[in-house]
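Let me begin by presenting the structure, written as structure tokens, before commenting on it.
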Amino acid sequence: MNTAVDTASLRKLDQSHHLHPFTDFHDYAEHGGRIFSKAEHIYIYDSEGHKMLDGMSGLWCCNLGYSQQSIIEAVYHQMQELPYYNNFFNCSNQPAVELAKALVDVTPANFNHVFFTNSGSEANDTNIKLAHRYFDLIGKPSKKLIISRKNAYHGSTVAAASLGGMSAMHKQARGLDYVHHINQPHWFEEGAEEDPNAFGIRVAQELIAKIDELGEDNVAAFIAEPVQGAGGVIIPPDSYWPEVQRICDERDILLIADEVICGFGRTGKWFGSETYGIKPDLMTFAKAVTNGYMPLGGVMVGDRVADVLLAGGGEFAHGLTYSGHPAACAAGLETLRILKDTNIIETAASDVAPHFQARLQEYVDHPIVGQVRGKGMFAAVELVSDKSSRERLAPESGGAVYCRNVANENGLMVRQTGDAMIMAPPLVCNREEIDILIDKLGAALDATASHFG
Ligand code: PLP
Numbered sequence: 450m451n452t453a454v455d456t457a458s459l460r461k462l463d464q465s466h467h468l469h470p471f472t473d474f475h476d477y478a479e480h481g482g483r484i485f486s487k488a489e490h491i492y493i494y495d496s497e498g499h500k501m502l503d504g505m506s507g508l509w510c511c512n513l514g515y516s517q518q519s520i521i522e523a524v525y526h527q528m529q530e531l532p533y534y535n536n537f538f539n540c541s542n543q544p545a546v547e548l549a550k551a552l553v554d555v556t557p558a559n560f561n562h563v564f565f566t567n568s569g570s571e572a573n574d575t576n577i578k579l580a581h582r583y584f585d586l587i588g589k590p591s592k593k594l595i596i597s598r599k600n601a602y603h604g605s606t607v608a609a610a611s612l613g614g615m616s617a618m619h620k621q622a623r624g625l626d627y628v629h630h631i632n633q634p635h636w637f638e639e640g641a642e643e644d645p646n647a648f649g650i651r652v653a654q655e656l657i658a659k660i661d662e663l664g665e666d667n668v669a670a671f672i673a674e675p676v677q678g679a680g681g682v683i684i685p686p687d688s689y690w691p692e693v694q695r696i697c698d699e700r701d702i703l704l705i706a707d708e709v710i711c712g713f714g715r716t717g718k719w720f721g722s723e724t725y726g727i728k729p730d731l732m733t734f735a736k737a738v739t740n741g742y743m744p745l746g747g748v749m750v751g752d753r754v755a756d757v758l759l760a761g762g763g764e765f766a767h768g769l770t771y772s773g774h775p776a777a778c779a780a781g782l783e784t785l786r787i788l789k790d791t792n793i794i795e796t797a798a799s800d801v802a803p804h805f806q807a808r809l810q811e812y813v814d815h816p817i818v819g820q821v822r823g824k825g826m827f828a829a830v831e832l833v834s835d836k837s838s839r840e841r842l843a844p845e846s847g848g849a850v851y852c853r854n855v856a857n858e859n860g861l862m863v864r865q866t867g868d869a870m871i872m873a874p875p876l877v878c879n880r881e882e883i884d885i886l887i888d889k890l891g892a893a894l895d896a897t898a899s900h901f902g
């Protein structure tokens, strides 16, 4: 597969038949892209042999990198034993049972039940149904509306995209009419001269205003990522989450934490909810639960909701053919075992992440950097042409796209969102590998500065 001829023919076939997610089909058919063929530790290799340091952990999922042999073996053995059976109609399988228990053990104490899906999007769809069912069962059937945030990402099925607040996605798919959005806690973009904590409180209080506008008797839940990932690694001001939590405690609505990116160590603790002191009723997970090796997601259902569902009232009319797939659950079980036994989350949080964040701060004074923000192994560098006015480097996020392309060409996989460079390196990086990432990022920033300077 590593010859130029194979790559050329593969690329042609790919361009001819394969419609890629979040891709401009016309542009791809014309220009094609990279075909990845191999990965090791924190490095990915394309079919032409180019090696890249994966500063994004795949799509924020391979927190333990690419060489976790025991996860691969766990999946292989499970496939030999029981490659598939479903969990519908009172059936179960050993890895699903054991993973449910393992998840209960690592999540906050109020979580004692899990509903499995294949992805984060499906898990968020499930959240809506769970919230609706909960309020129906407690005799409050008018509570159906969900409040979310602009620029949130909760997935791309119709329901998950409705929950999300990405305007480009809303333009292409008519959203569910029972989802409403408030502003995001994006101080750099929307806080202007305001004190960050005052801004955090003000944006959190939009939740009260929205509940009052819609009527508390009609609102079922508020959903949010502890740190918005795809929206641009938006680190909320310290004041934000305590105020949101206070509002949710006061009002009769469920709090749903979407932990699809933040979960399993990304922000320095097992879950972003722990990092920010959030006490959710429902918690979405996916991605790093299997280290990205198998598709698996789900909802952790807190006791407040689970107790009502378990008390009776008939069947929960929801499920996926692969909910609790034995091979995916085997991958999850082994991933959690590694996370627990190696203390990798704690090591990353106490040693590698502080180094990562400190080194990134070196770029605060770079001429095209407006803000460096981050938490744990998660960061964004916002590009500007003028630091005080926060003016963009180029129209249509052209500066960050340019910078990302230079970084990619120089062997660093990073992502661009709006005018920001986004990074979420594997938790298994060591300090030296973080230094390589930081140096490659710096070279891309310098090249971007001279290009636009
Ligand atoms: N929620 C969040 C916070 C995400 O970042 C994502 C994906 O990036 C999803 C949900 C959707 O997950 P999936 O792509 O597995 O459907």
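If you count by the working numbering, then the sequence shown holds residues 450 to 902, one letter each, in order.
Glycine included, every Cβ here is placed at the ideal spot set by N, Cα and C.
Fair warning: this is a prediction, and the values are worked out from it, not measured in the lab.
By the DSSP assignment, the alpha helix (DSSP H) with residue i in it spans what residues?
i, result
"ASN903", "Past the edges of the chain, shown from 450 to 902, lies residue 903, and the structure says nothing about it."
"ILE817", "Element bounds for ILE817: n/a, residue is neither H nor E."
"MET501", "From DSSP, MET501 is part of no alpha helix (DSSP H) but of the beta strand (DSSP E) over 500-503."
"LEU788", "775-791"
"THR733", "Looking at the DSSP string, THR733 is not in any alpha helix (DSSP H); the run it does join, the beta strand (DSSP E), is 731-734."
"LEU508", "506-509"
"GLN398", "Nothing about residue 398 can be reported from this structure: the residues present for the chain run from 450 to 902 only."
"GLU692", "689-699"
"SER722", "721-724"
With a 10 Å radius around its C-beta and 16 neighbouring C-beta atoms as the bar for buried, classify residue i as buried or exposed.
i, result
"TYR534", "exposed"
"ASN792", "exposed"
"LYS736", "buried"
"GLU655", "buried"
"GLN633", "buried"
"MET450", "At MET450 the pLDDT is 49, less than 50, meaning the model places this residue with poor confidence; the figure from the coordinates comes in the next sentence. Looking at its Cβ environment, which holds fewer than 16 other Cβ atoms inside 10 Å, MET450 is exposed."
"THR452", "Reliability fails at THR452, whose pLDDT of 49 lies under 50, so the model's placement of it is uncertain and no value is given."
"CYS878", "buried"
"CYS778", "buried"
"PRO844", "exposed"
"GLY773", "buried"
"ALA658", "exposed"
"VAL801", "buried"
"VAL813", "exposed"
Going by Cα to Cα distance, which pick from the options is closest to residue i?
i, options, result
"THR556", "LYS718, ILE684, SER591", "LYS718"
"GLU831", "PRO470, LEU890, LEU548", "LEU890"
"GLY867", "THR791, CYS540, ALA766, GLY678", "GLY678"
"PRO875", "PRO775, MET505, GLY482", "MET505"
"CYS510", "ASP800, TYR812, LYS789, THR784", "THR784"
"GLY860", "ILE484, TYR627, TYR494", "TYR494"
"ASP698", "GLY714, LYS728, SER722, GLY680", "LYS728"
"LYS824", "VAL628, GLY681, ASP473", "GLY681"
"GLU497", "HIS490, MET618, PHE485", "PHE485"
"GLU904", "PRO675, LEU468, LYS500, ALA601", "Look at the range of the chain in this structure, 450 to 902, and you will see that residue 904 is not part of it."
"MET872", "ILE883, GLU881, ALA828, ALA776", "ALA828"
"TYR771", "SER541, GLN464, TYR477, ASP476", "SER541"
"ASN740", "GLY726, LEU788, HIS774", "LEU788"
"LEU508", "PRO470, VAL818, GLN806", "PRO470"
"LYS620", "VAL855, VAL607, LEU758", "VAL607"
"VAL855", "TYR477, ALA892, GLY714", "ALA892"
Suppose contacts are defined by Cβ-Cβ distances below 7 angstroms. Is residue i in contact with residue j by that definition?
i, j, result
"LEU552", "VAL563", "yes"
"LEU612", "ILE672", "yes"
"ASN667", "SER591", "yes"
"ASN559", "GLY712", "no"
"VAL754", "TYR515", "no"
"ALA586", "GLY762", "Contrary to the premise, residue 586 reads as Leu rather than Ala in this sequence. Closer than 7 angstroms, so yes."
"LEU886", "LEU502", "yes"
"VAL693", "ALA653", "yes"
"PRO645", "PRO686", "yes"
"ALA488", "VAL748", "no"
"ILE401", "THR897", "Here the chain comprises residues numbered 450 to 902, so residue 401 is not present and cannot be evaluated."
"GLY819", "PHE901", "no"
Output the boundary residues of the beta strand (DSSP E) element that contains residue i.
i, result
"ASN971", "There is simply no residue 971 to check, as the chain begins at 450 and stops at 902 in what is shown."
"TYR515", "Run containing TYR515: none; DSSP gives neither H nor E here."
"SER616", "Per DSSP, SER616 belongs to no beta strand (DSSP E); it is in the alpha helix (DSSP H), 616-621."
"SER541", "SER541 -> no beta strand (DSSP E), and no H or E assigned at all."
"GLU497", "Counting along the chain, GLU497 falls outside any beta strand (DSSP E), and DSSP gives it neither H nor E."
How about residue i: is its Cβ closer than 6 angstroms to a heavy atom in the ligand MG?
i, result
"VAL748", "Among the ligands modelled here, namely the ligand PLP, the ligand MG does not occur."
Does the segment 715-730 come close enough to the segment 514-525 that 3 or more CB-CB pairs lie under 8 angstroms? Because the criterion of three Cβ pairs below 8 angstroms is not met, the segment 514-525 and the segment 715-730 do not touch.
Below 8 angstroms, how does it come out for the segment 560-575 and the segment 737-753: are there three or more Cβ pairs, yes or no? The segment 560-575 is in contact with the segment 737-753.
Cβ pair count under 8 angstroms reaching 3, the segment 473-492 against the segment 699-713: The count of Cβ pairs closer than 8 angstroms, one atom from the segment 473-492 and one from the segment 699-713, stays below three, leaving the stretches out of contact.
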